[in-house]
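Since the structure comes first, as structure tokens, the remarks are kept for the end.
Residue numbers (the working numbering): 20 to 203.
The following block contains the structure:
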């Protein structure tokens, strides 16, 4: 089963994947899809508030934020990693539970990036916002670092996230039942 969508003028068929017996989601993956990534970055930048730096969580937000930064002419963007790396100094961390991940995870921010964020306008970006847990974890890291969140952006808002007034997004992504029928 797939769900057809046009996002930033680009049409794609999203595979419908099981989360549990009662909930299925449209799998939105921008990895390797240059056309979609470039188009989404362009459309999000048209809606973006003024910012000093962008941050995303390690995963599908990486190509999006990279492309947004490239198009905007930014020299740097921040990444919250899923694991602390040897080269990271003065690491900050928070826990996150995402709808697409089975276990509680941690996100880690390098101390150098945290220092750069202090007092700066930070734009939090993700590919899809669903429960908002990943977004909340990123917000916690920004706040710990002393940054000021000026916006929250995503390509898609899924389920209840569609009703949030604090998120800027391009399209609504419904959720589905086992038959592939839209339920929200």
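Here a beta-carbon is modelled for each residue, glycine too, at the ideal position from N, C-alpha and C.
Among the options, nearest to residue i - alpha-carbon criterion
| i | options | result |
| --- | --- | --- |
| residue 81 | 62, 67, 57, 103 | 57 |
| residue 42 | 191, 161, 104, 178 | 178 |
| residue 67 | 90, 195, 78 | 90 |
| residue 141 | 61, 46, 95 | 95 |
| residue 162 | 187, 59, 151, 112 | 112 |
| residue 137 | 31, 100, 166, 55 | 166 |
| residue 20 | 28, 34, 195, 173 | 34 |
| residue 28 | 55, 151, 46, 99 | 55 |
| residue 133 | 146, 153, 99, 150 | 99 |
| residue 71 | 126, 78, 97, 157 | 97 |
| residue 153 | 181, 44, 114, 48 | 114 |
| residue 188 | 106, 83, 124 | 83 |
| residue 168 | 69, 24, 30 | 69 |
| residue 110 | 151, 38, 164 | 164 |
Alpha-carbon to alpha-carbon, residue j and residue i
| i | j | result |
| --- | --- | --- |
| residue 171 | residue 198 | 32 Å |
| residue 131 | residue 65 | 29 Å |
| residue 102 | residue 74 | 16 Å |
| residue 76 | residue 87 | 15 Å |
| residue 40 | residue 93 | 43 Å |
| residue 104 | residue 128 | 10 Å |
| residue 61 | residue 79 | 17 Å |
| residue 200 | residue 22 | 10 Å |
| residue 183 | residue 196 | 22 Å |
| residue 180 | residue 149 | 5 Å |
| residue 32 | residue 173 | 19 Å |
| residue 192 | residue 30 | 14 Å |
Exposure label - residue i; buried when at least 16 CB within 10 Å
| i | result |
| --- | --- |
| residue 53 | exposed |
| residue 50 | exposed |
| residue 36 | exposed |
| residue 185 | exposed |
| residue 144 | buried |
| residue 108 | exposed |
| residue 194 | buried |
| residue 123 | exposed |
| residue 147 | buried |
Supposed contact pair residue j and residue i - C-beta distance, whole angstroms, cut 8 Å
| i | j | result |
| --- | --- | --- |
| residue 126 | residue 160 | 6 Å |
| residue 26 | residue 190 | 5 Å |
| residue 47 | residue 157 | That pair is no contact at about 18 Å. |
Inset, instruction - Tell me the start and end of each unbroken alpha helix (DSSP H) in the region 25-108 that is at least 4 residues and wholly inside, in chain order. - result: 53-66, 80-91
Inset, instruction - With a floor of 4 residues, list each alpha helix (DSSP H) that falls wholly inside the region 136-175, ordered by position along the chain. - result: 152-164
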